[in-house]
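In my numbering, the protein residues as written are 4 to 581. Positions of the beta carbon are idealized from the N, C-alpha and C atoms, including for glycine. These numbers were taken from a predicted model, which means no experiment stands behind them. The next block holds one structure in the form of structure tokens; read it before the comments.
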Ligand SMILES: Cc1cc2nc3c(=O)[nH]c(=O)nc-3n(C[C@H](O)[C@H](O)[C@H](O)COP(=O)(O)OP(=O)(O)OC[C@H]3O[C@@H](n4cnc5c(N)ncnc54)[C@H](O)[C@@H]3O)c2cc1C
């Protein structure tokens with residue numbers, strides 16, 4: 004085993020080249036396939052135990068489900084109803100860790116109002132559940148819940164129809180920008196020595212007889228193939244798990260896909276000082292504050308079509324509109340919807356008819372010697388999933404080398420930007436004065452970068468023009484686009500518009516106006532020709548067009564066909580079709 008020194012967390016073009024060269028040359032203790040939150044967490048867990056780690060991600064960090072969630076770090080109030088106390092307790096413990104120690108810059112409190120429709124029993128029933136929820140998670144990281152009368156609830160959420168509630172309960176949970184959290188987990192793994200590369204797809208396993216000894220991969224940027232050798236391989240591929248395990252004859256578990264869509268509407272379309280949680284026939288629906296917007300979601304339907312870019316239908320959007328309008332005094336119309344995003348839940352197949360009833364718990368299993376698969380679970384519990392996967396890896400390594408592997412230390416390992424965050428927050432007015440930025444801008448940057456904001460600010464110090472707002476997405480600074488490519492591993496325009504920033508879900512035009520200016524900043528860092536730059540903008544434009552076309556379709560099949568009209572920017576290279 005290699006004990007790597009602490010190294011830079013920078014993931015720019017030179018670091019990618021260096022990572023690929025190392026991947027071709029070394030034998031790693033662990034090769035992780037998949038750069039969603041589970042894979043990034045696994046790389047971090049393994050690296051901080053002193054193992055040598057390589058991670059390959061086919062698209063971009065968090066490009067799968069991990070950028071498409073409800074963005075809640077929560078125990079899941081509704082699992083209490085299913086009496087799944089172990090799951091809720093575990094998730095609440097993780098919520099506390101993330102809020103206080105691991106990622107206080109990224110995970111923040113959010114409150115929800117639970118409108119009550121029945122006078123006595125429901126207040127007792129919901130109140131008891133929320134009381135349990137507040138007390139199960141260990142040390143208190145969030146304010147306790149409160150019971151509200153109808154007038155008090157309406158003062159807090161005047162946009163609710165007065166006849167939609169007889170009173171309410173307000174409680175707190177955690178909220179995160181999922182794509183940024185996954186990226187920062189990956190960068191933290193890099194800081195502890197993990198070698199990571201995106202746009203690198205595992206196309207098959209290397210075998211020595213039955214034993215899996217690594218993965219064959221294709222660099223989707225150059226079209227080149229290489230072999231990455233590892234003593235143990237981990238598949239953390241979410242809804243792609245079956246695709247990978249099929250290559251070794253399948254695994255003990257299968258992963259089934261359930262589609263969930265969200266849409267965003269402008270903040271002024273729902274007058275409320277808190278998020279909302281509403282009961283539906285099958286599950287719950289959230290109205291979640293997101294900057295100058297609300298995120299409304301989600302749905303839960305089986306999906307068996309495209310994994311990479313699942314599509315929303317008109318029926319999905321109508322379902323959300325219908326349910327949220329039941330409580331709103333001023334109903335939303337289709338014209339209020341700014342953007343729609345779609346994710347696939349990786350659910351362990353349990354033979355149940357309804358995906359809403361399937362467990363969110365995860366499994367770690369060995370489809371072949373040398374190969375560990377980790378799947379299922381939920382965003383909130385990624386650290387536990389990663390720990391369990393690396394515990395299984397450790398058994399394999401110990402058998403091979405006779406050396407015990409240290410226990411997981413990720414519960415004590417703050418993510419990049421967490422160390423010194425509180426001091427940076429306290430100094431924010433000074434930072435604003437020193438840099439000439441608004442305090443609100445500094446606060447926003449701190450919530451995205453934590454104490455690593457200094458790296459962004461030093462770009463601004465070198466090139467003051469980067470303090471300008473990004474044209475087409477004025478909330479962001481030009482420096483953030485540059486930093487996304489120079490430090491955060493962005494390789495394409497949609498990496499920046501969809502995941503490094505959230506312009507794709509925040510701008511009413513889904514990022515079309517920002518595409519050109521952002522692409523110019525990226526071109527300078529990534530060395531694009533003018534033709535490449537224009538192709539990136541054009542590909543992004545067709546992506547938005549295809550999404551919008553899908554959202555007018557009546558069913559999954561036609562929406563999928565419409566969505567697939569847009570080319571995948573990583574498949575545009577003539578040599579890269581896997
Ligand atoms: C609508 C919805 C709402 C949700 N809301 C919440 C919530 O509020 N809170 C919560 O805790 N959880 C939530 N979840 C669940 C949570 O988002 C997922 O459990 C989690 O993101 C799964 O992460 P993952 O890393 O396992 O999978 P993914 O994020 O999908 O990562 C898998 C990665 O593997 C890569 N990959 C696949 N094949 C290959 C290959 N051959 N080579 C290289 N890379 C490959 C993919 O590109 C992908 O990036 C929600 C899920 C959905 C769908």
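Problem set entry | Under the three-state DSSP convention, the category residue 84 falls into | For the purposes of this step, residue 84 is taken as the residue at position 81 of the chain shown. Three-state result, residue 84: helix.
Exercise. Terminal residues of the continuous beta strand (DSSP E) containing residue 229?
Worked result: What you label residue 229 is simply residue 226 of the chain shown in a count that begins at 1. First-last of the beta strand (DSSP E) with residue 229: 228-238.
Exercise. Are residue 49 and residue 35 closer than 9 Å when you measure CB to CB?
Worked result: What you label residue 49 is simply residue 46 of the chain shown in a count that begins at 1. What you label residue 35 is simply residue 32 of the chain shown in a count that begins at 1. Between residue 49 and residue 35, the CB-CB gap stays under 9 Å.
Exercise. Roughly how many angstroms lie between the CA atoms of residue 45 and residue 118, to the nearest whole one?
Worked result: Along the chain shown, read from residue 1 onward, the residue named residue 45 stands at position 42. Along the chain shown, read from residue 1 onward, the residue named residue 118 stands at position 115. Roughly 39 Å between the two C-alpha positions.
For this session: Starting from the N-terminal side, write out each stretch of the alpha helix (DSSP H) that is 4 residues or longer and does not extend beyond the segment 380-448.
Result: 385-404, 424-429, 431-438
Problem set entry | Through-space distance from residue 69 to residue 336, alpha-carbon basis | Your numbering for residue 336 matches position 333 in the chain shown. Your numbering for residue 69 matches position 66 in the chain shown. Cα to Cα, residue 336 sits roughly 28 Å from residue 69.
Exercise. Does at least one heavy atom of ligand 1 sit under 8 Å from the Cβ of residue 3?
Worked result: Here the chain has residues from 4 to 581 only, and residue 3 is not among them.
Problem set entry | Length at least 4, wholly inside the segment 149-237: the alpha helix (DSSP H) runs in chain order | 153-159, 181-194
Problem set entry | Chain-order list of residues whose beta-carbon lies under 7 Å from that of residue 17 (same chain, five-residue window excluded) | Counted from its first residue, the chain shown places residue 17 at position 14. For residue 17, where only same-chain residues beyond five positions count, there are no Cβ hits under 7 Å.
Exercise. Roughly how many angstroms lie between the CA atoms of residue 341 and residue 397, to the nearest whole one?
Worked result: The residue you call residue 341 lines up with position 338 of the chain shown. The residue you call residue 397 lines up with position 394 of the chain shown. Using only the alpha carbons, I get a separation of about 47 Å.
Exercise. What is the residue span of the alpha helix (DSSP H) that residue 488 lies within?
Worked result: The residue labelled residue 488 in the question sits at position 485 within the chain shown. Per DSSP, residue 488 belongs to the alpha helix (DSSP H) from 481-489.
Exercise. With residue 584 and residue 198 assumed to form a contact (beta carbons below 8 Å), what rounded beta-carbon distance in angstroms separates them?
Worked result: With the chain represented from 4 up to 581, any question about residue 584 goes unanswered, as that position is not in the structure.
For this session: Verify the contact flag: residue 164, CB atom, against every heavy atom of ligand 1, threshold strictly below 8 Å.
Result: Taking the first residue of the chain shown as position 1, residue 164 is located at position 161. Every heavy atom of ligand 1 is 8 Å or more from the Cβ of residue 164, so no.
Problem set entry | residue 378 - partner residues in DSSP beta bridges | Residue mapping note: residue 378 aligns to position 375 of the chain shown, counting from 1. Its beta-bridge partners are 366.
For this session: Would you grab the beta carbon distance between residue 192 and residue 47 for me? Rounded to a whole angstrom, and I think it's under 8 Å.
Result: Along the chain shown, read from residue 1 onward, the residue named residue 192 stands at position 189. Along the chain shown, read from residue 1 onward, the residue named residue 47 stands at position 44. Confirmed, about 4 Å.
Exercise. Does the separation of the CB atoms of residue 403 and residue 375 fall below 9 Å?
Worked result: Start at 1 with the first residue of the chain shown, and residue 403 comes out as number 400. Start at 1 with the first residue of the chain shown, and residue 375 comes out as number 372. No. Outside cutoff.
Problem set entry | Pair within 9 Å by beta-carbon distance, residue 288 and residue 300 | Along the chain shown, read from residue 1 onward, the residue named residue 288 stands at position 285. Along the chain shown, read from residue 1 onward, the residue named residue 300 stands at position 297. Cβ distance < 9 Å, so residue 288 and residue 300 count as in contact.
Problem set entry | Distance between residue 446 and residue 75 (C-alpha atoms, nearest Å) | Within the chain shown, numbered from 1, the residue matching residue 75 stands at position 72. Within the chain shown, numbered from 1, the residue matching residue 446 stands at position 443. Roughly 21 Å between the two C-alpha positions.
Exercise. Candidates 268, 245, 317, 99: which alpha carbon is nearest residue 563's?
Worked result: Taking the first residue of the chain shown as position 1, residue 563 is located at position 560. Selected option, being the one with the closest Cα: 317.
For this session: Evaluate residue 244 with the Cβ neighbour count: other Cβ atoms within 10 Å of its Cβ, from every protein chain shown; 16 or more gives buried, anything less gives exposed.
Result: Numbered from 1 along the chain shown, position 241 holds the residue referred to as residue 244. When all chains shown are included, residue 244 counts as buried.
Exercise. Quick one: what does DSSP say residue 574 is sitting in, helix, strand or coil?
Worked result: For the purposes of this step, residue 574 is identified with residue 571 of the chain shown, where counting begins at 1. Three-state DSSP puts residue 574 in a helix.
Problem set entry | Local conformation of residue 289 per DSSP, three classes | For the purposes of this step, residue 289 is identified with residue 286 of the chain shown, where counting begins at 1. Of the three classes helix, strand and coil, the one that applies to residue 289 here is strand, per DSSP.
Exercise. Who are the near neighbours of residue 309 in its chain, counting only those whose CB is closer than 8 Å to its CB and skipping five residues on each side?
Worked result: As a working note, residue 309 is residue 306 in the chain shown. Closer than 8 Å at Cβ, skipping near neighbours: 563, 566, 567.
Exercise. What distance in whole Å lies between the Cβ atoms of residue 496 and residue 482, which are believed to be in contact at a cut-off of 8 Å?
Worked result: Within the chain shown, residue 482 is the residue found at index 479, counting from 1. Within the chain shown, residue 496 is the residue found at index 493, counting from 1. In fact, because the Cβ distance is near 17 Å, the residues do not count as touching under 8 Å.
Exercise. Quick one: what does DSSP say residue 566 is sitting in, helix, strand or coil?
Worked result: Sequence index remark: in the chain shown, residue 566 carries index 563 (1-based). The answer is helix: DSSP assigns residue 566 an H, G or I state.
Exercise. Near residue 493, what residues of its chain come up, given a Cβ to Cβ distance below 6 Å and the 5 sequence neighbours on each side ignored?
Worked result: Taking the chain shown and counting its residues from 1, the one referred to as residue 493 is at position 490. The residues are 487, 499, 503.
For this session: Could you tell me how far apart the beta carbons of residue 295 and residue 270 are, in whole angstroms, since I believe they sit closer than 8 Å?
Result: For the purposes of this step, residue 295 is taken as residue 292 along the chain shown, with counting starting at 1. For the purposes of this step, residue 270 is taken as residue 267 along the chain shown, with counting starting at 1. That pair is a contact at about 5 Å.
Problem set entry | Contact test: residue 237 Cβ vs ligand 1 heavy atom, cutoff 8 Å | Numbered from its first residue, the chain shown carries residue 237 at position 234. False, no ligand heavy atom lies under 8 Å from that Cβ.
Exercise. Can you list, in chain order, the residues of its chain whose CB lies under 7 Å from that of residue 5, leaving out five sequence neighbours each side?
Worked result: Position 2 of the chain shown holds residue 5. Confidence is the limiting factor: at residue 5 the pLDDT is only 39, short of 50, which leaves the residue's position unreliable, though a coordinate-based value still follows. Answer for residue 5: 55, listed in chain order.
Exercise. Are the CB atoms of residue 105 and residue 384 nearer to each other than 9 Å?
Worked result: One-based indexing of the chain shown puts residue 105 at position 102. One-based indexing of the chain shown puts residue 384 at position 381. By the CB criterion at 9 Å, residue 105 and residue 384 fall outside the cutoff.
Exercise. Does the distance from the CB of residue 349 to the CB of residue 379 come in under 9 Å?
Worked result: Along the chain shown, one-based indexing puts residue 349 at 346. Along the chain shown, one-based indexing puts residue 379 at 376. Taking 9 Å as the Cβ cut-off, residue 349 and residue 379 qualify as a contacting pair.
For this session: Rank 321, 274, 377 by C-alpha distance to the C-alpha of residue 333 and give the top, closest one.
Result: As a first step, residue 333 must be located in the chain shown, where it is residue number 330. When only C-alpha atoms are compared, the closest one is 274.
Problem set entry | Residue from 134, 554, 452 with nearest C-alpha to residue 12 | Within the chain shown, residue 12 is the residue found at index 9, counting from 1. Checking every option, the nearest Cα to that of residue 12 belongs to 452.
Exercise. What residue ranges within the segment 58-131 form continuous beta strand (DSSP E) runs of no fewer than 3 residues, ordered along the chain?
Worked result: Counting whole runs of 3 or more residues, the segment 58-131 contains the beta strand (DSSP E) stretches 111-119.
Problem set entry | Any non-hydrogen atom of ligand 1 closer than 8 Å to residue 3 Cβ | Summary: the structure shown does not reach residue 3, with the chain confined to residues 4 through 581, and so no result is reported for it.
For this session: Leaving out five residues on either side along the sequence, give the residues of the same chain with a beta carbon under 6 Å from the beta carbon of residue 506.
Result: If you number the chain shown from 1, residue 506 lands on position 503. Excluding sequence neighbours, residue 506 sits near 476, 500, 514, 517.
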